[in-house]
Amino acid sequence: AALERSLDVQALRGARVAALVEGADGRVVFARDADRPLTPASNAKIFTSLAALSAFGPAHRFETLLLADREPDAEGAVGTLVLKGGGDPALNSEDWWRIADGLRRAGLRRVRGDLVLDDSLFDRELWHPSWGRTSARAYHAPVSALNANYGTFSAVVRPGAAIGSPAIVSLAPAVDHLRLVNRAVTLDPRRQTQLRVDREEAAGNELVIVSGQAAADEHDVTFYRSVVDPTRYAGSVLREQLAQAGVRVDGELRVARDGAEAAGTELLRHRGRPLSEIVELCMKYSNNQIAEALVKQLALREGAPRGSWSEGIPALRRRLESLGVGADGFDLVDGSGLSYHDRATPRALVQAIRAGESSFAFGPEWMASMPIADVDGTLSDRAAGAAGWVRAKTGTLTRVTALSGLAQLASGERVRFSILVNGYRSGDRDAMRAVDGFVEALVSPPSVAAGGR
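All residue numbers for the sequence shown refer to our numbering, where the first residue is 1 and numbers rise by one.
Right, here's the structure in full:
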């Protein structure tokens, strides 16, 4: 009754609501349209992360290779340096620093030719066609076998020294691939700050165009944006790190044609972070780029010549079916849930959660990847009434909110749950509060005093 009442709120009037709560023994604790397929948004990452950990294991590490046309000569020089992407979706600037430092330790001091970028492990479809027109927002980052910083960068804007002066803009990372065009100005503190950050391709690089106005008393304003060309961006990050390590590159950044590049001497093999950590980044912070890269990796795992959505989504489906997720309960076109064409039922999501929870091979790592209510990740400021007692994946699109995961009841029983809400007429925050109210009612029934366990 408490769960029914939690859903009978103004914020959910007229919305399509489907939910399921399953006890530890598999009994149905609560159900409402549990077999109704709805748009799951980022709850799709539950399926993707589960399949990836099942396919590769939590200790798996993706490898990035650095090859040259020969061993470094007496002066530490090679002709061509090839960066061969292994589809690692979580390489950040620190990782690229480690790669550059490793090359220097291997004796490299100079590249007389080009830095060649080989991204042929994945296809060149960087954005899923079902996403429609993509924006410059970080959540629309492209998916490549070579990437840096999740295909994103930040722009920090602060007011200039005087009214009328240009605003001060800093980009991170500061690399040649990103060319700043600063059109933002500093205005009287009584004026409202209105800033915009766009990016566009320009002769192999990307222009980062900052426009608008910053009030003179404004604090730093940070924007996160995606890049257009993740391969060249990664190459530019490596070239900058090489320069800082004292390694000179005489030539240009050049993308290899279909991976065909004559360079067979391995200088460095960089093993990325364990898949368990990658999945945690994906789930805690709902990283779309990681989820989609994992789909393409699933295609390779099953023998596809290249990582792609066309091969990866069927591989994802087969993996989920083998784990006991009913095929009639989900229909995915991508791995992140960014597509409005994705469909899933609460029952299928609960089946996936059951499979993850019960796995000795990867269950602990998978459960640890879930955001914790009122503690971290995308639940850090949500469901305060269930703080620490709910581990769940959030999902948010326009007129879509979802929450699926695990909860511990006042009795000590652990339950699995999923709630999907589509087509609400209220604001996003109101709909999310209603969903939070559902899990708060789940873990704190009226018979239990507030705060008591």
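For glycine and all other residues, C-beta sits at the position ideal for the given N, C-alpha and C. Model, not experiment: these values are computed from the prediction.
From the options, pick the residue whose C-alpha is nearest to that of residue i; which is it?
i, options, result
"Arg137", "Ser93, Gly212, Glu200", "Glu200"
"Gly132", "Pro40, Val279, Leu338", "Leu338"
"Leu403", "Leu397, Ser411, Ser418", "Ser418"
"Met79", "Ala68, Leu275, Ala293", "Note that residue 79 is Gly in the sequence shown, not Met. The shortest C-alpha separation from Gly79 is found at Ala68."
"Val116", "Pro305, Leu253, Met283", "Leu253"
"Ala141", "Leu171, Arg61, Arg225", "Arg225"
"Ala11", "Ser154, Ser426, Ser42", "Ser426"
"Asp381", "Val443, Phe56, Asp436", "Asp436"
"Tyr340", "Pro314, Leu294, Thr398, Glu311", "Thr398"
"Ala174", "Ala161, Ala148, Arg191, Arg158", "Ala148"
"Pro129", "Asp430, Val333, Gly405", "Val333"
"Ser170", "Arg158, Asp176, Arg429", "Arg158"
"Asp176", "Arg239, Lys393, Glu125", "Arg239"
"Asp229", "Ala214, Ala59, Asp119", "Asp119"
Suppose contacts are defined by Cβ-Cβ distances below 8 Å. Is residue i in contact with residue j by that definition?
i, j, result
"Asn422", "Val400", "yes"
"Thr152", "Asp342", "no"
"Val390", "Ala373", "yes"
"Ala355", "Val325", "yes"
"Val221", "Leu195", "yes"
"Asp101", "Phe62", "no"
"Val210", "Asn182", "yes"
"Val29", "Val415", "yes"
"Val90", "Leu298", "The sequence given here has Ala at residue 90, not Val. Going by C-beta atoms, Ala90 is not nearer than 8 Å to Leu298."
"Met367", "Ser49", "no"
"Asp250", "Gly113", "yes"
Determine the direct distance from the alpha carbon of residue j to that of residue i, and round the result to whole angstroms.
i, j, result
"Ala387", "Tyr150", "30 Å"
"Gly235", "Asp198", "21 Å"
"Ala15", "Ile163", "49 Å"
"Arg269", "Tyr424", "50 Å"
"Ala327", "Asp35", "12 Å"
"Pro371", "Gln244", "37 Å"
"Gly246", "Leu409", "57 Å"
"Gly395", "Glu266", "42 Å"
"Ser6", "Ile46", "24 Å"
"Ala172", "Asn205", "15 Å"
"Leu178", "Val21", "48 Å"
Who pairs with residue i in a beta bridge, going by DSSP?
i, result
"Gly212", "Ala184, Leu195"
"Phe223", "Ala155"
"Lys393", "Ser404"
"Glu201", "Glu206"
"Ala77", "Arg110"
"Val439", "DSSP lists no partner for Val439."
What first and last residue would you give for the alpha helix (DSSP H) that runs through residue i?
i, result
"Ser276", "275-284"
"Ser54", "44-56"
"Ile290", "288-301"
With residue i as the anchor, note down where its beta strand (DSSP E) starts and where it stops.
i, result
"Ala31", "28-32"
"Arg416", "414-422"
Taking 7 Å as the cut-off, is the beta-carbon of residue i closer than that to any non-hydrogen atom of the ligand GDP?
i, result
"Arg429", "Ligands displayed in this structure: none; no statement on the ligand GDP is therefore possible."
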